[in-house]
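Novice: Next up is a structure, given as structure tokens.
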Amino acid sequence: MVHVRKAVLSDKDKVLAMLQHIWDDDYVPRSWSKWVEDESSGIVLVAETGEDIVGTCYVHFLPNKLCWFQAMRVDVGARRLGVGSALTAACIEFARTAGYRSAYLGIDADNAPSLNMSAKAGFKKICEYSRVGQKIAALKEGSSKEATRWRMAKEDDVDTVLAIGHSYAPSAAIFACWQWQPLSRAALRSVIQEGDLWVWDNNGVSLWAGFNNFGDYAALFPIAGPKEVVHSAFMDLLSWLPDEKETFLELWQTPDAPLLAAAKSLDFTGDDGYTIWEYRLTDPVWA
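Count along the sequence shown starting at 1, add 58, and that's the number in the working numbering.
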């Protein structure tokens, strides 16, 4: 029988031992202990069978009494035993009891088991994105890094960014740092404080996007802004990205976004899908 409970730091060794057999270069082992310690930002759950930990997941708190379910991991030897379903049900129960209004999660479009499990749990798919990517070559020896009009958003940008978002944000949402949430002033402030929102400032902020750059990997999430400047901003980013080492840029866009076609014409490849799902915790029709 699967038992789900709140994680504690003493679970770390068992959890890390489980995680090392699931994904290579997984971000969860690097973040798990910090998540457990920071209960103001979220809650970590673990699933047990007997003395063994066979699964874990994280509920991250968002502004406006919303939350994001992430980092669902199930031991390779415990697949198809209902571990994922038990963790999902526990996340939903925790979020509802704590007074959250909606929960969101993201799933790769080709991950049929997770898609089916989420649908059976009561989640509804609300939007979809396409991902393409390209290796960005390192700077040639003796070359200098280009300047850019892109910069990290600041608290003073909130009013402008919110107005742009109301006019141009796909699905009226913020998708940044692999988390999706409806557009709001509180959500923007939170994402800006985390350093995950960037703006293109060409004599004034004209567009924005979620952006993360880890040196060898960068991700640009859907851009909110007038279509006549989106392409220029994207080309500016491509000129600025080359650095001392090669990096890989992954672009996330809605399937009908003109920038997606433009990126493909520049030899961006991949085009796999990513879906966003919602569970309305306060809606009796869904809950």
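The beta carbon of each residue, even a glycine, is placed where N, CA and C say it ideally should be.
What are the residues that DSSP puts in a beta bridge with threonine 107?
Specialist: DSSP, once it has assigned bridges, lists Asp110 as partnering threonine 107.
Novice: Any idea if glutamate 186 is buried or exposed, counting beta-carbon neighbours within 10 angstroms, 16 or more meaning buried?
Specialist: Flag for glutamate 186 reads exposed.
Novice: Between Val287, Lys303 and Ile80, which has its C-alpha nearest leucine 197's C-alpha?
Specialist: Comparing Cα-Cα distances from leucine 197 to each of Val287, Lys303 and Ile80, the minimum goes to Lys303.
Novice: For proline 171, which beta-bridge partners are listed by DSSP?
Specialist: Its beta-bridge partners do not exist; DSSP assigns none.
Novice: Is it true that the CB of aspartate 69 sits closer than 8 angstroms to the CB of serine 101?
Specialist: A small fix is needed here, since residue 101 is isoleucine in this sequence, not serine. No, the Cβ-Cβ distance between isoleucine 101 and aspartate 69 is not below 8 angstroms.
Novice: For alanine 144, tell me which candidate among Pro313, Met130, Pro240 and Leu299 has the shortest Cα-Cα distance.
Specialist: Selected option, being the one with the closest Cα: Met130.
Novice: Using the Cα positions of alanine 156 and lysine 64, report the straight-line distance between them to the nearest angstrom.
Specialist: About 14 angstroms.
Novice: Less than 8 angstroms between the beta carbons of valine 288 and leucine 265, yes or no?
Specialist: Closer than 8 angstroms, so yes.
Novice: Glycine 223 lies in the alpha helix (DSSP H); which residues open and close that run?
Specialist: Element bounds for glycine 223: 216–226.
Novice: Does the contact criterion of 3 or more C-beta pairs under 8 angstroms hold for the stretch 177–186 versus the stretch 283–300?
Specialist: Cβ pair count under 8 angstroms is below three, so no.
Novice: Using a 10 Å radius around the Cβ and a threshold of 16 neighbouring Cβ atoms, would you call glutamine 311 buried or exposed?
Specialist: So glutamine 311 counts as buried.
Novice: Straight-line CA distance for phenylalanine 119 to glycine 200?
Specialist: So the alpha carbons of these two residues sit roughly 46 angstroms apart.
Novice: Check aspartate 69 in the structure and name its three-state DSSP category.
Specialist: It is helical.
Novice: Starting from proline 316, trace the beta strand (DSSP E) both ways and give me its first and last residue.
Specialist: It is not in any beta strand (DSSP E) - proline 316 instead sits in the alpha helix (DSSP H) that spans 316–323.
Novice: What number of angstroms, rounded off, separates the C-alpha of arginine 159 from the C-alpha of leucine 339?
Specialist: The alpha-carbon atoms of arginine 159 and leucine 339 are separated by roughly 5 angstroms.
Novice: So, helix, strand or coil for glutamate 186, using DSSP?
Specialist: Residue state, collapsed to three classes: strand.
Novice: Note down the Cα distance separating tryptophan 81 from valine 132, rounded to an integer number of angstroms.
Specialist: For tryptophan 81 and valine 132, the distance between alpha carbons rounds to 11 angstroms.
Novice: How many angstroms separate the CA atom of valine 343 from the CA atom of valine 134?
Specialist: Note that valine 343 scores 43 on pLDDT, short of 50, meaning its location in the model is unreliable and no value can be drawn from it.
Novice: Is the beta carbon of aspartate 254 closer than 8 angstroms to that of asparagine 270?
Specialist: Their beta carbons are under 8 angstroms apart, which means asparagine 270 touches aspartate 254 by this criterion.
Novice: My output table needs one value for leucine 278: the three-state DSSP class, helix, strand or coil.
Specialist: Three-state DSSP puts leucine 278 in a strand.
Novice: On the CB-based measure, 16 or more other CB atoms within 10 Å of its CB, does tyrosine 275 come out buried or exposed?
Specialist: So tyrosine 275 ends up on the exposed side.
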